[in-house]
Structures are given as C-alpha cells and as structure tokens.
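Trainee: In my numbering, the protein residues as written are 5 to 160. Quick reminder that beta carbons are idealized off the backbone N, C-alpha and C, glycines included.
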Ligand SMILES: Nc1ncnc2c1ncn2[C@@H]1O[C@H](COP(=O)(O)OP(=O)(O)OP(=O)(O)O)[C@@H](O)[C@H]1O
Ligand SMILES: [Mg+2]
C-alpha cells in the first residue's frame, strides 16, 4: 500500500550489465506492493523493456512479454498475489493531461495495480508522484548501464 506518512526518498546508483539489471528488477518485483509504480526512464534502447520483462517474469508470468509500444498498455494478472500489473509504453503519446485522462492512464495510475511505465516523461510531473524512478543511462561500456533507483514515498 502507498505510504503517505514517510517523507523519505531513497536513492541507489550502480553500474550494471544486462543480468545485473534483470536481478535488480527481480529483487524489486519480489517486494512489490499494490499501487506501486515504476517509472522507467532512459533513452531509446537504454534497457527499460529489459527491466520490465525481468520484473514481470519474476512475478511468475511465463510466455511472451511483448513490447507494448503499439498498444501502449499490456496487462498481466498475477492471481496468486491478487495483483494486476500494467506495462505501459508512453513513447507515442504527446503527453497532454487530457490525453492521459482520455486513454484511462490516470485511472490506472490511481488504482491499486502495479504499473511499469516506459517513457514516463510523457507524464509531465511524474517525479512528484509516489513511486520508484529507475533512471537508466550509458555506462562505461556498451554492455553496462548506470542505473539510479529513487523512491519517492511522499509523492501523490
Ligand atoms: N546493462 C544493460 N542493461 C540493459 N540492456 C542492455 C545492457 N547492455 C546492453 N543492453 C542491450 O540494450 C538493449 C535494451 O533494449 P530495451 O528494449 O530493453 O530498451 P528500451 O529502453 O526499452 O528501448 P525503447 O526506448 O526502444 O523502448 C537490449 O538489446 C539489451 O540487450
Ligand atoms: Mg522499450
């Protein structure tokens, strides 16, 4: 459940290869709570989908986890946990508040589903919202990424 009591912001930064990023996603998935949101930020090919797939797999989803770029939202039901997980890719949105409302994304973000969002920059105030930002940028080699994890527990 969302914690509104704590003002805490937790930060972590490390340099990870693909399997390191997948392990991190798995770790976060195993402690996921209803209503958690993960804002996956990074340029084209940074590793946002790689993170999202590993996260969803760690919750027990087998089978294909397609990139939601064209449909913008894929939904998975984790029945053992009574959990719905949305994997959104907002790349194709223009990002107006009206558009997010009209497409039902605000409603999903307000629900108790777990939401993974690629291209969260389309939501202009996403850093102020409750949730975890995973910021992925270039690392020291083509196979490594600097990964910053920042929880905003006090957001709305
Ligand atoms: N350390 C790393 N972490 C994640 N991906 C890596 C890493 N090193 C190399 N890669 C490669 O980078 C690519 C990342 O692709 P991915 O689809 O996850 O990126 P994306 O951020 O979702 O891109 P898009 O903006 O197109 O949605 C993959 O081919 C992956 O194998
Ligand atoms: Mg992607």
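Ignoring anything shorter than 4 residues, give me the alpha helix (DSSP H) runs that lie fully in the segment 30-112, in order along the chain.
Mentor: Within the segment 30-112, the complete alpha helix (DSSP H) runs of at least 4 residues are 52-62 and 101-106.
Trainee: Taking 8 Å as the cut-off, decide whether the C-beta atoms of residue 41 and residue 89 are in contact.
Mentor: Residue mapping note: residue 41 aligns to position 37 of the chain shown, counting from 1. Residue mapping note: residue 89 aligns to position 85 of the chain shown, counting from 1. No, these two residues do not count as a Cβ contact at 8 Å.
Trainee: Quick one: what's got a C-beta closer than 8 Å to residue 103's C-beta in the same chain, skipping five residues either side?
Mentor: In the chain shown, the residue the question calls residue 103 occupies position 99. Around residue 103: 97.
Trainee: Is it buried or exposed, residue 72, if we count other Cβ atoms within 10 angstroms and call 16 or more buried?
Mentor: Counting from 1 along the chain shown, the entry for residue 72 is found at position 68. With 16 or more other Cβ atoms within 10 Å, it is buried.
Trainee: Considering only heavy atoms of ligand 1, does any lie closer than 7 Å to the CB of residue 125?
Mentor: Here the question's residue 125 lines up with position 121 in the chain shown. Not under cutoff, so the answer is no.
Trainee: Pick helix, strand or coil for residue 126, following the three-state DSSP scheme.
Mentor: As a first step, residue 126 must be located in the chain shown, where it is residue number 122. Helix, per DSSP.
Trainee: Tell me whether residue 122 counts as near ligand 2, meaning its Cβ is closer than 7 Å to at least one heavy atom of that ligand.
Mentor: Here residue 122 refers to the residue found at position 118 when the chain shown is read from its first residue. Yes.
Trainee: Heavy atom of ligand 1 less than 7 Å from the Cβ of residue 147, yes or no?
Mentor: Stepping through the chain shown from its first residue, residue 147 is reached at position 143. Checking the Cβ of residue 147 against ligand 1 gives yes.
Trainee: Given a threshold of 16 other Cβ atoms within 10 Å of its Cβ, counted over all protein chains shown, does residue 142 qualify as buried or as exposed?
Mentor: As a position in the chain shown, residue 142 is number 138, starting the count at 1. Label assigned to residue 142: exposed.
Trainee: Sorry if obvious, but does the Cβ on residue 68 come closer than 7 Å to a heavy atom of ligand 1?
Mentor: For the purposes of this step, residue 68 is identified with residue 64 of the chain shown, where counting begins at 1. For ligand 1, not one heavy atom lies less than 7 Å from the Cβ of residue 68.
Trainee: Run the CB neighbour count on residue 75, radius 10 Å, all protein chains shown included, and call it buried at 16 or more, exposed below.
Mentor: Along the chain shown, read from residue 1 onward, the residue named residue 75 stands at position 71. So residue 75 counts as exposed.
Trainee: Just the C-alpha distance for residue 129 and residue 15, rounded to the nearest angstrom, thanks.
Mentor: As a working mapping, residue 129 is identified with position 125 in the chain shown. As a working mapping, residue 15 is identified with position 11 in the chain shown. Using only the alpha carbons, I get a separation of about 19 Å.
Trainee: Have a look at the DSSP bridge pairing and note the partners of residue 16.
Mentor: Position 12 of the chain shown, counting from 1, holds the residue named residue 16. 153.
Trainee: So does residue 119 have its beta carbon nearer than 7 Å to some heavy atom of ligand 1?
Mentor: Residue numbering aside, residue 119 sits at position 115 when the chain shown is read from its first letter. Every heavy atom of ligand 1 is 7 Å or more from the Cβ of residue 119, so no.
Trainee: Is the closest heavy atom of ligand 2 to the C-beta of residue 47 under 7 Å?
Mentor: As a first step, residue 47 must be located in the chain shown, where it is residue number 43. Checking the Cβ of residue 47 against ligand 2 gives no.
Trainee: For residue 93, is the beta carbon positioned less than 7 Å from some heavy atom of ligand 2?
Mentor: Counted from its first residue, the chain shown places residue 93 at position 89. Under cutoff, so the answer is yes.
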